[in-house]
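Here's what the structure looks like:
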């Protein structure tokens, strides 16, 4: 059976998304991390657009547009401004043991493919089998949150987690209802603003954006 | 008609948020805050009477759904939000007098307080499982800046932890919601209706069980982070201890309930689809673990607000366990326990807040002899502690008794765990509170008189629920329990 070109293209984009998730896991420079995040958003918008085109779902065009606006332009722009004003533009994070992190990441990918296997079999239409990749992206972002020690990179990880979820929504279900998607987009935007406020408060109080300073609260 | 009543309920706090965003720095902002909360409460009473009399209803093109179960939480939320606003009026003034807060911070506090109420009410009344998620996230966003209101290093750390952990947790819940939609779409078709709970509930038998199983795990872990279920609870004690006390009271008394409501709604769908007790068993497991771990952690606490935060984890575990057991009696007991826990715990936080203001520290070793400083604060704390520990004749005793007897009947193996945990919690809390209330003191009086009417109003209600439950209320709760099955 001939696989339609659109599906092949979406599969390619999914693979690239996974690749970017790994690249983010290993990226030490904050500036490059934000650029990777923007690329992830661009791939996401493109794949949503193609799903919209091939399934003829009108509301997906809106959400592709929304993704482009929010995740490729607005959020990276805000983050760029933030790191500029915080003067952490050229910061390099010391990451311990990148090879181990990568290996854990591969294990997570295998795990999520296994977890998603029974669901993928149920999926119909053009996007079957992409749920595994989406779940892998989500788990890789979680892993990134665990390994990072800088507030800014944790936030980028948080936002890319949301990208993974969005990909799951478009690939598995051809998009959530528009009202829900708008709500989610609004929440993400507000969250980014609040994170921004937090960066300044944290830096004012601790003189650094290193969250290792913030591990003092314990049960005693 | 129902549309109008619901609109009033939701628009009042939203309007309040807007008004206080403009006038939050004025002298009368605290009064405006209480007034808006009072109107919200009045609207909730009107809605409650209507729903209890004429049964479940949908509104606004089925986007909202109200039945006896969520209207009970709506009424509870609006009531505690109102009394907390009464409490916060003098409390926040004293904090300002002590130089801990500026007018700008209060401005933020008042407008966020109203928006937080709004987000919770939306999460409770919406019929759309996607909007539940959006509103829960909004509730986190409105409270995160309140937790860090004092801008101390500890409060910033607590807020950051709250933000990140709840953000991740709730992201997992979104994945669960996506899976739910994936299963629903195959039965209900594309478009808006596939996430509506009422529609899902009608077709739950046809939903794909394997997908729903996985979806429920994600939903439980996600919303469970917000409920504070062990092992996802680590944000909760920090946020409760470091935030301002009115925020601790509403987080503990209300937000946890709202998250639990989302889990209970999902459970009804999942167990209906599987035809087994899978979701209930998971909830029972998480619930028991929370009760056990939280009560043993109580001993190690030195900070008074932290200790009562752990007590909240314990009680939420107990409620999750009760809803997990299911059946009319356990569900009834779970709802009753939700009510009395919210009332008692917020009353305790009110008393603790004033006690801490008098003494100037949250360290329990340094708080002594509250009865000498202020008999009302002392008795408020003492009676609240008795109530939360499940002493008769308070209502907590009645609900715990019901939960434990049902457990004995249905799941005998769980009873020893529950009894040991409750015993340990009793010993820990009582041992620590006793010298705080009775004992010698050196504290100074407060610049403003404390607000103790909310404390005693709550405790009186809890006492009443323990001694006599009005038939109207009992009937209402029974109907709600029957709906959840």
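Residue numbers (this note's numbering), protein chains in the order written: chain A, 385 to 604; chain B, 8 to 492. Yeah, the Cβ is synthetic: ideal placement off N, Cα and C, and Gly gets one too. These numbers come from a predicted model, not from an experiment.
Drop a sphere of 10 angstroms on the beta-carbon of residue i, count the other beta-carbons inside from all chains shown, and report buried for 16 or more, exposed for fewer.
{"i": "residue 46 (chain B)", "result": "buried"}
{"i": "residue 457 (chain B)", "result": "buried"}
{"i": "residue 469 (chain A)", "result": "exposed"}
{"i": "residue 483 (chain B)", "result": "buried"}
{"i": "residue 501 (chain A)", "result": "exposed"}
{"i": "residue 554 (chain A)", "result": "buried"}
{"i": "residue 242 (chain B)", "result": "buried"}
{"i": "residue 494 (chain A)", "result": "exposed"}
{"i": "residue 50 (chain B)", "result": "buried"}
{"i": "residue 471 (chain A)", "result": "exposed"}
According to DSSP, is residue i part of a helix, a strand, or is it coil?
{"i": "residue 135 (chain B)", "result": "strand"}
{"i": "residue 534 (chain A)", "result": "strand"}
{"i": "residue 237 (chain B)", "result": "coil"}
{"i": "residue 411 (chain A)", "result": "coil"}
{"i": "residue 370 (chain B)", "result": "strand"}
{"i": "residue 10 (chain B)", "result": "helix"}
{"i": "residue 203 (chain B)", "result": "strand"}
{"i": "residue 401 (chain B)", "result": "coil"}
{"i": "residue 424 (chain A)", "result": "helix"}
{"i": "residue 168 (chain B)", "result": "helix"}
{"i": "residue 475 (chain B)", "result": "coil"}
{"i": "residue 418 (chain B)", "result": "coil"}
{"i": "residue 457 (chain B)", "result": "coil"}
{"i": "residue 210 (chain B)", "result": "coil"}
{"i": "residue 157 (chain B)", "result": "coil"}
{"i": "residue 352 (chain B)", "result": "helix"}
{"i": "residue 387 (chain A)", "result": "coil"}
{"i": "residue 296 (chain B)", "result": "helix"}
{"i": "residue 251 (chain B)", "result": "coil"}
{"i": "residue 192 (chain B)", "result": "helix"}
From the beta carbon of residue i, is the nearest beta carbon of chain A less than 8 angstroms away?
{"i": "residue 217 (chain B)", "result": "yes"}
{"i": "residue 160 (chain B)", "result": "yes"}
{"i": "residue 71 (chain B)", "result": "no"}
{"i": "residue 155 (chain B)", "result": "yes"}
{"i": "residue 120 (chain B)", "result": "no"}
{"i": "residue 245 (chain B)", "result": "yes"}
{"i": "residue 138 (chain B)", "result": "yes"}
{"i": "residue 483 (chain B)", "result": "no"}
Answer with yes or no whether the minimum CB distance from residue i to chain B is below 8 angstroms.
{"i": "residue 538 (chain A)", "result": "yes"}
{"i": "residue 571 (chain A)", "result": "yes"}
{"i": "residue 523 (chain A)", "result": "no"}
{"i": "residue 574 (chain A)", "result": "yes"}
{"i": "residue 596 (chain A)", "result": "no"}
{"i": "residue 398 (chain A)", "result": "no"}
{"i": "residue 567 (chain A)", "result": "yes"}
{"i": "residue 600 (chain A)", "result": "yes"}
{"i": "residue 435 (chain A)", "result": "no"}
{"i": "residue 528 (chain A)", "result": "no"}
{"i": "residue 503 (chain A)", "result": "yes"}
{"i": "residue 589 (chain A)", "result": "yes"}
Per DSSP, which one or two residues make a beta bridge with residue i?
{"i": "residue 66 (chain B)", "result": "B:71"}
{"i": "residue 476 (chain A)", "result": "A:413"}
{"i": "residue 594 (chain A)", "result": "A:534"}
{"i": "residue 310 (chain B)", "result": "B:370"}
Is the distance from the Cβ of residue i to the Cβ of residue j below 8 angstroms?
{"i": "residue 257 (chain B)", "j": "residue 87 (chain B)", "result": "yes"}
{"i": "residue 572 (chain A)", "j": "residue 549 (chain A)", "result": "no"}
{"i": "residue 335 (chain B)", "j": "residue 95 (chain B)", "result": "no"}
{"i": "residue 452 (chain A)", "j": "residue 489 (chain A)", "result": "no"}
{"i": "residue 393 (chain B)", "j": "residue 205 (chain B)", "result": "no"}
{"i": "residue 305 (chain B)", "j": "residue 435 (chain B)", "result": "yes"}
{"i": "residue 251 (chain B)", "j": "residue 152 (chain B)", "result": "no"}
{"i": "residue 384 (chain B)", "j": "residue 374 (chain B)", "result": "no"}
{"i": "residue 378 (chain B)", "j": "residue 574 (chain A)", "result": "no"}
{"i": "residue 401 (chain B)", "j": "residue 324 (chain B)", "result": "no"}
{"i": "residue 332 (chain B)", "j": "residue 418 (chain B)", "result": "yes"}
{"i": "residue 602 (chain A)", "j": "residue 164 (chain B)", "result": "no"}
{"i": "residue 352 (chain B)", "j": "residue 395 (chain B)", "result": "yes"}
{"i": "residue 584 (chain A)", "j": "residue 535 (chain A)", "result": "no"}
{"i": "residue 466 (chain B)", "j": "residue 391 (chain B)", "result": "yes"}
{"i": "residue 524 (chain A)", "j": "residue 409 (chain A)", "result": "yes"}
Sorry if obvious, but does the Cβ on residue i come closer than 7 angstroms to a heavy atom of the ligand SAH?
{"i": "residue 240 (chain B)", "result": "Among the components modelled here there is no ligand, and therefore nothing to report on the ligand SAH."}
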